[in-house]
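Report on the structure given below.
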């Protein structure tokens, strides 16, 4: 995740804060158990990363 800004992904694709996404990615303890993505959030993250990959590839192709 050092290549991509976590805050950008959290805000653009989830409408949430950077800290929300960081807690999910790091499996931080919340209410006594590790925080994790729901199935829907995991699918949304995959789609977000696919979208960003497409946008980067398009930018690269147009150079």
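Residue numbers (this note's numbering): 374 to 436. Ideal Cβ positions, reconstructed from N, Cα and C, are used throughout, including at glycine. Here the structure is a predicted model, which is why all the values come from computation and not from measurement.
Item: Identified DSSP bridge partners for residue 402; Value: 407
Item: At least 3 beta-carbon pairs within less than 8 Å: the stretch 424–436 vs the stretch 389–403; Value: no
Item: Residue from 403, 425, 376, 388 whose Cα sits closest to the Cα of residue 414; Value: 388
Item: Contact under 9 Å by Cβ, residue 402 with residue 408; Value: yes
Item: Per-residue DSSP class, three states only, for residue 391; Value: helix
Item: Own chain partners of residue 392 with C-beta closer than 7 Å, once the 5 adjacent residues on each side are dropped; Value: none
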